[in-house]
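Working notes, structure below.
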Amino acid sequence: MIYKPPQQKLLRWIALFLVGTFLQLLFYIPIPVLSQSNSCSNITAPLTPEEQTYARAAWQYFVKNYQPATGFTNSTGGYPSGTLWDMGNYLMALNAARWLNFTDQADFDVRLNKFLTTLNSLKLFEDTLPNKVYNAATAQMVDYGNNPLERGIGWSALDVGRILAAFDVIRTCHPQYNDWLKGIVTKWQVARSLKDGQLFGATVLPDNKTLLVQEGRLGYEEYGARGYQLWGFSAPKAISLEPFKLVEINGVQIPVDTRDFKSTNANNYVVSESYILDGIEFGLQGELADFAARVLDVQKRRFDTTGQLTAVTEDNIDQTPYFLYNTVYANGATWATITDANQPYPQFRSISTKAAFGWRYLFPDNAYAQKVFDAVKDLRSPDDGGYYAGIYEESKQPNKALTGNTNGLILEILYYKARGNHPLIASTSASVSTSKPSENASPATPANQPNSPGKPSEKTSPATPANQPNSPVTPPIAAPANNSKVIEVTVAPIPPVDSPQSSSNLKLDRSLTIIERRYADAAWGYFQANYHSKSGLIDDRSDFKGATLWGLGDYLAALHAVRSLDIITPKEFDGRTRHLLAALTKLPLFAGELPSRGYDTRSLQPIDYGGNPVPEGNGWSALDLGRMLAALYNLKICHPEYTAAVDKIVLDWSYLRVVREGILSSATTAKDQDGRVRIRVNPETRLGYEEYAARGFQLWGFNVEHSAVGGEYQTASVEGVKIPIQRHRTDTNSKVNQYTVSNPFLLYALEFGLDPQMRSLFEPIFQAQAERYRRTGIFTASATTLIDRKPYTIHSSISQSWVALGDDGKPVLKGRLVSTAVAFAYHALLPENKYSQELLQGTTDLYNPLIGFYEGFYETTGKTAIGFTSSTNSMILQSLLYEVTNRQPLIRPTTTMKSPWWQEVTKGDSGRGLPNTARQQTKLISDSSGNYWVSGRS
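Under the numbering used here, read the sequence shown as residues 1 to 938, first letter to last.
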């Protein structure tokens, strides 16, 4: 690494930002990504307990020096500055920590998403390449003293090469980030740093002119050029080793670059690190392998002659001048210790920790390498801040500088060892990083986890294992059904519809921004990853093959959103939609009336919430049905070509018992004392969900006025705000657990708008959460969320005690989550609110580009909650759509009442419980407070 110290502290920052498309094309040579045999997760030589200690200590440096606002890390301990080289160090360390299991996939995704988001938005030097150095806390361009500069101080081609090598490791080991990385590289004008087959940096002269300067000497020049080559940029002279000569030092012929400080104003130092990096990343081959062996041997010879252990390379030091090159040779002098300006400081020559680690693991059978390693292997900071940079030769005292360079290289070296000494770039394969490092089981997909198909549940949560107390469904068999052999059914899509539309008839006010599109792509990734190509269904959550009607409604809403946002093509939308509609016609109906509460997404057979087969079904959910009715209605309004198919589905259902006397009712099953299965039909009472579902029924003409929003609500004072906790009712004595969460109110607001009655419920719920944050500093986005461990469903309630509850109503200690979906939705609905803005900023990095957004993070620890669901990712997509439609309700009014549904309603006396009149029981109105749906005939 080439490093330039700031005036008092630290290393040199590089940043490579982008210019000329023409030059980019001129120097670009397409080179395919290497397809390699060994998986990144293939740990063939697990770290010993001692090595685990080394690696954990090195990782702690990055934990302690992380800048959450930018995703960057400090290049030296506590000092918020860094170069592209430092950024490359961090990426290599982050990848190593992931596969060595020091961080899980969720934390990896959050860190990398934040890092890449900031990196992609960096201001570039002359709009070309990243500046040489940035403030790690603010991402501002700075000089080496960390002073902000509007223009910057130039770019470093060597640092560009370093981060390009790191990018290659990330895209290979975590291919879900490939497109993002390609976009960054394409944005940068990398070709501006190439000239005459060499690497060129940029510097600003005293007269403020920009000067291009050839960069790199033997060792680092070749390493940097290899990074360029990985992305298709050719620098043949830089990679050729020439010009060099052999200089005898301590009886060893050492290769030395002939371009010295006197002739070029650049140091031609020989150090350890460039050869170590080449070895662990690319694999030492040919002349470079010989050169590396010579550089190690000459340091052994010095020890043999002087008794002084020697491991020299560039390092930060803990005193002025703060950064030195400890060399085998530099500018005509052997064993020189110099600054970047070639000023000598022999008194500060040191044994480098990172160099000793590197030689030990590159040459594991070399006795000298082991000896010098033994001298530094325990040179850790006592406050768990990472490894010190080294030991001063003269004073024998530790060089207590803590740096990302030292600790990043140690992690990279130990990962290299754990992979059986396979080079990270020459041997890595494109293994998807959703698997656990030491196993092939995703952290988010425990093999025996009970089913919890997706929506925030009513009294029979899909996330509640059926043998839990108070579970209203039949107890499952001992082993969940999903562990047994399931016969997958193949569902043929409905026939092609007449004149499919190229897009929905929903009019967008603007296009998605680049960042918003990235979020939309990530959210849609959930539905790509969890799609069953045979049945056409989507799993409600990623770790179980099951779906509810609510979850399928989420999928249909997501489909509409991504087509409207132009995330998917008309052909894909049409194919998926026709497949889903066909599958809905194949679902066995409970008691011949309505879809059951849950289905196996492979066999389409009814299952309970523990995932066990229930051939006769286990009741229906009016809430789920309301969700699906709203989604089907919007499909045929925005995509009228599907009207006949949609109406055929809903006309196949019977509504005699789900709508009774203006109230929504759900059915459950239970066995009596004689073992007979009994059906019980009871009114729905789940706060927020009942009101949402009622609107869905009203769209189809059902009179559900007593379930629709309205009437009196019981309230409780939370953070000085009166929030609703349940509706006053006389029609039921239901003992279902009641808790107030945000999800249903947000979905209602996005799709139906905020009528005055709903606004009176919605606003206090938001205000209480914002006030709690103001009072305590604790982010609060209360929701029902699904996680990968017991109790599987968490209700982060809005209450005086701010308690998290399981489905059994029992508190879950430290279980409260900040919901990602809730954060997105509040920001969409309240974009000018300061709290909603801060809430969004705290959650936008919680995603894996390949499989969607995580459920959220824990309030107490900030740790990402492992779980991926259709509900979360659907709400995020709907929130993004809402933002670009001028914040209009997503469900639009009908323009015709002549569809098959309304024709059947008009006939009357259907025997299926259809509405009495062919008129909707809700209508969209506009006034000074906005557009919203209200009860009343249209």
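Quick reminder that beta carbons are idealized off the backbone N, C-alpha and C, glycines included.
Worksheet entry | Under 8 Å between C-beta atoms of ALA630 and LEU552 | no
Discussion item. Using only the alpha-carbon positions, how far apart do GLU242 and ILE568 sit?
Written reply: 51 Å
Practice prompt. Please go through the same chain and pick out, in chain order, the residues whose beta-carbon is closer than 6 Å to the beta-carbon of VAL190, but skip the five residues on each side of it.
Written response: PHE233
Fill in: Rounded separation between PHE373 and ASN331 - CA only
28 Å
Practice prompt. Tell whether a beta-carbon distance below 8 Å holds between MET141 and GLY152.
Written response: yes
Fill in: Cβ-based neighbour list, ARG98, same chain, cut-off 6 Å, excluding 5 preceding and 5 following
PHE108
Worksheet item: So, does the CB of TYR854 fall closer than 8 Å to a CB anywhere in chain B?
Response: Annotation note: the requested chain B is absent from the structure, which comprises a single protein chain.
Worksheet entry | Collapsed DSSP secondary structure at LYS396 in the structure displayed | coil
Item to complete: Locate the beta strand (DSSP E) running through PHE200, then write down its first and last residues.
Response: 198-204
Worksheet item: Are the beta-carbon atoms of SER796 and VAL741 separated by less than 8 Å?
Response: yes
Worksheet item: At a cut of 8 Å, does the stretch 633-641 reach the stretch 655-669 through at least three beta carbon pairs?
Response: no
Discussion item. I'd like to check one pair, THR339 with TYR345: are the Cβ atoms closer than 8 Å?
Written reply: yes
Worksheet entry | Burial state of THR310 (16 or more Cβ within 10 Å) | buried
Item to complete: Determine the closest residue to ALA93 out of TYR79, GLY224, GLU281, GLY251, with distance taken between C-alpha atoms.
Response: GLU281
Item to complete: Could you tell me whether the Cβ atoms of ALA367 and TRP359 are closer together than 8 Å?
Response: no
Fill in: CB-CB length for LEU199 against GLY219, believed under 8 Å
That pair is no contact at about 13 Å.
Item to complete: Assign LYS722 to one of three DSSP states: helix, strand, or coil.
Response: strand
Fill in: Of the residues ASN89, ARG789, THR327, the one placed nearest VAL298, counting alpha carbons only
THR327
Item to complete: Please go through the stretch 73-152 and give each complete alpha helix (DSSP H) segment of 4 or more residues, from N-terminal end onward.
Response: 84-99, 105-121
Discussion item. Relative to the C-alpha of LEU850, which candidate in VAL160, ASN147, LYS114, HIS174 has its C-alpha closest?
Written reply: HIS174
Discussion item. Using the three-state DSSP reduction, which class does PRO640 fall into: helix, strand or coil?
Written reply: helix
Worksheet item: In whole angstroms, what separates the C-alpha of ILE31 from that of GLY78?
Response: Below a pLDDT of 50, predicted positions are generally treated as unreliable, and ILE31, at 33, falls in that range; no measurement from the model is reported.
Fill in: VAL934 versus GLY753 - alpha carbon distance
9 Å
Worksheet item: Which runs of the alpha helix (DSSP H), 4 residues or longer, sit entirely within the stretch 152-199?
Response: 157-173, 178-187
Practice prompt. Please check the pair LEU379 and PHE348, which I expect to be a contact at CB under 8 Å, by giving their CB distance rounded to whole angstroms.
Written response: No, LEU379 and PHE348 are not in contact; Cβ-Cβ is about 16 Å, not under 8 Å.
Worksheet item: If you draw a straight line from the alpha carbon of LEU129 to that of GLN52, how long is it in whole angstroms?
Response: 38 Å
Worksheet item: How would you label GLY936, buried or exposed, when you count the other beta carbons within 10 angstroms and need 16 or more for buried?
Response: exposed
Practice prompt. Using alpha carbons as the reference points, say which of TRP180, TYR134, ASN682 lies closest to LEU112.
Written response: TRP180
Discussion item. Please give me, in chain order, every unbroken run of the beta strand (DSSP E) with length at least 3 that falls completely inside the stretch 674-721.
Written reply: 677-683, 713-718
Worksheet item: With a Cβ-Cβ cutoff of 8 Å, do SER926 and ILE538 count as a contact?
Response: no
Worksheet item: Quick one: is PRO744 buried, meaning 16 or more other Cβ sit within 10 Å of its Cβ, or exposed?
Response: buried
Worksheet item: In terms of residues, what are the limits of the beta strand (DSSP E) holding ILE925?
Response: 922-927
Discussion item. Helix, strand or coil, according to DSSP, for TRP620 in the structure here?
Written reply: strand
Worksheet item: Could you give the residue range of the beta strand (DSSP E) that holds ASP340?
Response: Premise fails: ASP340 is in no beta strand (DSSP E) and is neither H nor E.
Worksheet item: Looking at the structure shown, is GLN253 part of a helix, part of a strand, or coil, going by DSSP?
Response: strand
Worksheet entry | Distance CB(ARG680)-CB(ASP672) smaller than 8 Å | no
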